[in-house]
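525 is the number of the first residue of the sequence shown in the working numbering; add one for each residue after it.
Accompanying notes for the structure given below.
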Amino acid sequence: MTVLEERLSMADANTERLDELFERLERMPVPEGFRAEIVGGYVHMTPQRNTHWQIIRRILRALEGRFGVDVMVISDVRVDFPGHQNGFCPDIAMLEDTAEPDDEGRWRHEDVVFVAEVISQGTAANDYGPKKAAYAVAEVPVYLIVDPYQGRCHVHTDPKDGGYATVTKVEFGTDIKLTGTPVDLVLETGAFPRD
């Protein structure tokens with residue numbers, strides 16, 4: 525067996541296991557207002573807070589303001605990322621204009637050009653740790669972490685060798701300049717609420 529064949533076999537096994545886990549989640553009595561995702565094979569459920577949603581909404585509106593309402597953006601939709609059983613449901617993910625779902629109706633991580641995650645206290649370690657690593661390995665050009673507890677954003681760009689070469693910290697109230705990236709906009713953070 526070649527290395528490529530072995531990797532494809534592992535990817536198929538990962539997808540099958542993720543499918544099984546998500547099917548079980550769909551049958552569970554998950555409380556209304558909670559979201560679930562799988563990070564490294566572990567299920568994480570977090571409540572959707574108002575602060576969280578208000579930030580997501582502002583990012584979505586900025587993307588729609590820049591690219592129009594037909595921009596390829598998803599929120600809380602499963603995308604399988606590299607690594608062991610990583611079925612993430614990013615708060616916001618922008619896809620290539622040409623992106624199309626695969627045969628199972630899922631979006632491919634290769635088409636993701638921007639991810640924004642808004643920190644929740646219970647899952648912050650995922651956003652700063654394994655999810656950031658998986659986004660870098662997947663070569664997502666821009667990964668934005670919005671932290672309403674710190675009142676700060678962390679902008680990760682230039683994915684290289686499984687990490688991000690450039691990290692910029694921006695305090696709430698300061699515009700984030702994403703021009704020159706696939707996002708190609710200036711994101712205003714002055715109205716981002718804090719927790």
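For every residue, glycine included, the Cβ atom is placed at its ideal position computed from N, Cα and C.
In the structure shown, R602 adopts coil according to DSSP, grouped into three states.
In the DSSP secondary-structure assignment, D671 is bridged to R676. When beta bridges are read from the DSSP output, M618 appears opposite V597 and F638. Per the C-alpha coordinates, the member of E620, V603, G607 and L619 positioned closest to C613 is V603. Approximately 7 Å separates the beta-carbon atoms of W631 and I598; this is inside 8 Å, confirming the contact. Around G697, the same chain offers T713 and G714 as residues with beta carbons nearer than 7 Å, after the five sequence neighbours per side are excluded. Here T575 is near D719, since their CB atoms are less than 8 Å apart. Between P654 and the set R541, E544 and G564, the nearest pair of CA atoms involves G564.
With 16 or more other Cβ atoms from the protein chains shown falling within 10 Å of its own Cβ, V639 counts as buried.
When beta bridges are read from the DSSP output, R630 appears opposite no residue. When the Cα atoms are used, V710 and I583 turn out to be separated by approximately 11 Å. Each residue's CA atom was taken as its position, placing E695 and F716 some 10 Å apart. Selection V636, G704, H678 and E624 evaluated against V661 yields V636 as nearest (Cα-Cα). Per the coordinates, the alpha-carbon of F591 lies some 20 Å from the alpha-carbon of V679. Boundaries of the beta strand (DSSP E) around A689: G687 to E695. Secondary structure note for G589: its alpha helix (DSSP H) is the uninterrupted segment N574 to F591. The closest CA to that of T690, considering only V707, R676, P665 and I579, is found on P665. Put simply, the backbone Cα of L668 is about 17 Å away from that of E588.
I700 is bridged by DSSP to L711.
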